[in-house]
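Protein chains in written order, with the numbering used here: chain B, 109 to 329; chain Y, 109 to 329.
The beta-carbon is built from N, C-alpha and C at its ideal position, and this holds for glycine as well.
Protein chains: 2
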Amino acid sequence: MANSTTEQEAGAIRRRNERAILQAAEGAFACHGYRGASLQDIARRAGLPKSNVLYYMGSKRRLYVRLLERMMSRWNAILDNISPDDDPVEVISAFIRAKIRLSRSHPEGSRLFASEILGGAPFLQEYLQGDLRDWVESRAVVLRQWAERGLIDPVNPVWLIFLIWSSTQHYADFETQVLGITGRQSLDDDDLEDITQFLIQVVVKGCGIRRPAAGATPPDS
Amino acid sequence: MANSTTEQEAGAIRRRNERAILQAAEGAFACHGYRGASLQDIARRAGLPKSNVLYYMGSKRRLYVRLLERMMSRWNAILDNISPDDDPVEVISAFIRAKIRLSRSHPEGSRLFASEILGGAPFLQEYLQGDLRDWVESRAVVLRQWAERGLIDPVNPVWLIFLIWSSTQHYADFETQVLGITGRQSLDDDDLEDITQFLIQVVVKGCGIRRPAAGATPPDS
DNA sequence: TTAATTCTTGACCATTCGGTCAGTTTTATC
DNA sequence: GATAAAACTGACCGAATGGTCAAGAATTAA
């Protein structure tokens, strides 16, 4: 294969091919699920022979797990810490915004995750019942403290978190439905900003989320 | 095969076997998607030889389409008509409630639908851009009229419909995630009622949905 | 009882699946 | 240019895929 740039740092070929394979596989797994996706199809999308895919990834399972881990690390990156002293409106708004951004920047990874959950999460059970559960519980504690201080209605924190997850995830997972119904070819940045504002408004107003009284407990900004 | 009840109306065997196959196939397709599910697995779930599945259903594709159509008819059943004169709070509440009930009564059909959309809706494109789009548009008209009369904040009706769809669908599609994170084995009726109340409250309050002034335009009940 | 219809199923088919491997080519190092 | 390491890939394997078919079993209709 003709390679125009002969001089490049070591491992460049590996990096480039792995990137191509991972991207191709993400699309295939997102579209057809773990079982439904085939290495042949992934190889074709990546423009490589099937043997080459296995040379780099070892096996279909390893490739799939690697993609899941990549997606979960993206997910973890937006699960930032919050403190009871933070401004609830800011925290919730930032969370919704980050989640929408993730759905937009990595729609296929998002669908890959959804497909994994739909199939009963055979590879992510541990994560769901471990790290992610702990994260949800820690946020629930903060939300309850906000409720005690009258900064939010006494809603079930877990249902609220699920509401935000589902309503934002929707725009990646059900993109086909959204486009089909709205008659668009794609959603542009303005649409996404509009959706983000709408979700923030409904959640903040719907849960009675308020900013803390000025000077009471400064949100450290 | 021993058949205890010899005397029964014609077609009883067919009905019973088709039921078993459809149920088995719904679970398999929901779990693994169209490509990922295998007739062998479906036959095993139904307790029949593979040949028998093909005898009744013709082909994998026909079986899949039949399941999709069955699910869409359930879906259509809750897309009832509304009039601008109806009480917005009642309409939205009833819609959320019906949608939650559908997710609960037919979780695997719900996941089957989700899997179809995730895969790009190869079999449902027409439905999405046709009947469903028309339905959404007709509801959007009513919602805008409500907004003009001050019965709801001027939110984008389509985003509101998507919000209700996604947040309710979540409890079927992401059941594994919900159970893993809450540490439950299953969600009981009380949980679902709690979730329903939460979603109704957030949406109604969040969108500023109000009941029409008494006697103004009676909701015909 | 007989004849027709429906139902059942194992054997079989071409194709594709994930995966192995040996052998070749390309690249990096000296 | 020589050597070693990395990259590449066609051929191949056993298993599983969706689907066909013919022949037999069970049920129904006459």
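Taking its Cβ as the centre, do 16 or more other Cβ atoms sit within 10 Å of residue i, making it buried, or is it exposed?
{"i": "Val263(B)", "result": "buried"}
{"i": "Ile190(Y)", "result": "buried"}
{"i": "Arg127(B)", "result": "exposed"}
{"i": "Gly144(B)", "result": "buried"}
{"i": "Cys230(Y)", "result": "Residue identity check: residue 230(Y) is Pro in the sequence provided, not Cys. Classification of Pro230(Y): exposed, given that the 10 Å Cβ count is below 16."}
{"i": "Arg122(Y)", "result": "exposed"}
{"i": "Arg344(B)", "result": "Chain B is shown from 109 up to 329; residue 344(B) falls before or after that span and cannot be answered."}
{"i": "Gly291(B)", "result": "exposed"}
{"i": "Ile225(B)", "result": "buried"}
{"i": "Glu283(Y)", "result": "buried"}
{"i": "Ala322(Y)", "result": "exposed"}
{"i": "Asp120(Y)", "result": "One detail in the question is off: residue 120(Y) reads as Ala in this sequence, not Asp. Ala120(Y) is exposed by the Cβ-count criterion."}
{"i": "Asp194(Y)", "result": "buried"}
{"i": "Gly135(B)", "result": "buried"}
{"i": "Ser274(B)", "result": "buried"}
{"i": "Gly141(B)", "result": "buried"}
{"i": "Gly314(Y)", "result": "buried"}
{"i": "Asp298(Y)", "result": "exposed"}
Excluding the 5 residues flanking residue i on each side, which residues of the same chain have their C-beta closer than 8 Å to its C-beta?
{"i": "Ile336(B)", "result": "The shown model of chain B, from 109 to 329, leaves out residue 336(B), and the question about it has no answer."}
{"i": "Arg318(Y)", "result": "Pro196, Val197, Gly258, Leu259, Ile260"}
{"i": "Asp239(Y)", "result": "Asn184"}
{"i": "Ile272(B)", "result": "Ile200, Phe203, Ile204, Lys207, Leu307, Val311"}
{"i": "Gln164(B)", "result": "Gln is not the amino acid found at residue 164(B); the sequence shown has Tyr there. The residues are Arg122, Asn125, Glu126, Ile129."}
{"i": "Gln293(B)", "result": "Leu287"}
Of the residues the options, which one's Cα is nearest the Cα of residue i?
{"i": "Val312(B)", "options": "Asp261(B), Asp297(B), Phe270(B)", "result": "Asp261(B)"}
{"i": "Ala133(Y)", "options": "Asp297(Y), Gly217(Y), Leu271(Y), Glu283(Y)", "result": "Gly217(Y)"}
{"i": "Ala222(Y)", "options": "Ser159(Y), Ala120(Y), Leu175(Y), Ala322(Y)", "result": "Leu175(Y)"}
{"i": "Asn125(B)", "options": "Leu156(B), Arg182(B), Arg212(B)", "result": "Leu156(B)"}
{"i": "Gly288(Y)", "options": "Cys139(B), Tyr235(B), Ala138(B)", "result": "Tyr235(B)"}
{"i": "Val286(Y)", "options": "Gly228(B), Gly166(B), Arg170(B), Pro215(B)", "result": "Gly228(B)"}
{"i": "Arg178(Y)", "options": "Pro320(Y), Ser274(Y), Leu210(Y)", "result": "Leu210(Y)"}
{"i": "Asp64(B)", "options": "His214(B), Arg212(B), Ala154(B), Leu187(B)", "result": "Because chain B is modelled from 109 through 329, residue 64(B) falls outside the range shown and cannot be assessed."}
{"i": "Leu147(Y)", "options": "Arg212(Y), Ser167(Y), Ala138(Y)", "result": "Ser167(Y)"}
{"i": "Arg170(Y)", "options": "Phe137(Y), Arg152(Y), His214(Y)", "result": "Phe137(Y)"}
At 9 Å on the CB atoms, spell out the chain Y contacts of residue i, in chain order.
{"i": "Gly258(B)", "result": "Those within 9 Å of Gly258(B) in chain Y number zero; the least Cβ separation is about 16 Å."}
{"i": "His214(B)", "result": "By Cβ distance, chain Y contributes nothing, its closest Cβ being about 15 Å from His214(B), past 9 Å."}
{"i": "Val311(B)", "result": "Val310, Gly314"}
{"i": "Arg241(B)", "result": "Gly288, Ile289, Thr290, Gly291"}
{"i": "Gly166(B)", "result": "Those within 9 Å of Gly166(B) in chain Y number zero; the least Cβ separation is about 21 Å."}
At 8 Å on the CB atoms, spell out the chain B contacts of residue i, in chain order.
{"i": "Val199(Y)", "result": "Those do not exist, as Val199(Y) stays about 17 Å from chain B at its closest Cβ, beyond 8 Å."}
{"i": "Gly228(Y)", "result": "Cys139, Thr284"}
{"i": "Gly217(Y)", "result": "Simply none; closest approach about 13 Å."}
{"i": "Leu236(Y)", "result": "Thr284, Gln285, Gly288, Ile289"}
For residue i, which residues of its own chain have a beta-carbon under 6 Å away from its beta-carbon, when the five flanking residues on both sides are left out?
{"i": "Pro192(Y)", "result": "Val250, Gln253"}
{"i": "Leu295(B)", "result": "none"}
{"i": "Ser159(Y)", "result": "none"}
{"i": "Ala154(B)", "result": "Ala128, Ile129, Ala132"}
{"i": "Leu347(Y)", "result": "The requested residue 347(Y) does not occur in the structure, where chain Y is confined to residues 109 to 329."}
{"i": "Ala255(Y)", "result": "Pro262"}
Considering only residues of the same chain and omitting the five flanking positions on each side of residue i, which have a CB-CB separation below 7 Å?
{"i": "Asp281(Y)", "result": "Ser218, Arg219, Ala222"}
{"i": "Val244(B)", "result": "Val266, Ile269"}
{"i": "Ala316(Y)", "result": "For the sequence presented, residue 316(Y) should be read as Gly rather than Ala. Taken in chain order, the residues that qualify are Ile260, Asp261."}
{"i": "Arg182(B)", "result": "Leu210, His214, Gly217"}
Can you pull the chain B neighbours of residue i, defined as C-beta to C-beta under 7 Å?
{"i": "Asn264(Y)", "result": "Asp302, Phe306"}
{"i": "Phe270(Y)", "result": "His278, Val286"}
{"i": "Trp267(Y)", "result": "Ile303, Phe306"}
{"i": "Ala222(Y)", "result": "Leu226"}
Name the chain B residues that come within less than 9 Å of residue i, Cβ to Cβ?
{"i": "Val244(Y)", "result": "Ile289, Thr290"}
Going along chain Y in order, which residues have a C-beta closer than 8 Å to the C-beta of residue i?
{"i": "Ile225(B)", "result": "Asp281, Phe282, Thr284, Gln285"}
{"i": "Ser275(B)", "result": "Phe270, Leu271, Ser274, Ser275"}
{"i": "Tyr163(B)", "result": "Going along chain Y, no residue has its Cβ under 8 Å from Tyr163(B), so there is no contact; the nearest lies around 25 Å."}
Interface residues of chain Y around residue i at Cβ under 7 Å?
{"i": "Gln233(B)", "result": "Gly288"}
{"i": "Leu295(B)", "result": "By Cβ distance, chain Y contributes nothing, its closest Cβ being about 11 Å from Leu295(B), past 7 Å."}
{"i": "Arg205(B)", "result": "Ordered by position in chain Y, no residue passes the 7 Å Cβ test against Arg205(B), which lies about 15 Å from the chain."}
At a cut-off of 7 Å, would you count residue i as near the ligand COA, judging by its Cβ distance to the nearest heavy atom?
{"i": "Tyr235(B)", "result": "Inclusion of the ligand COA in the displayed structure is not the case, the ligand content being empty and no account of it being possible."}
Continuous beta strand (DSSP E) assignments of at least 3 residues falling wholly in the segment 132 to 199 of chain B: none
Quick one: complete alpha helix (DSSP H) runs, 4+ long, within the segment 266 to 294 of chain Y? 283 to 290
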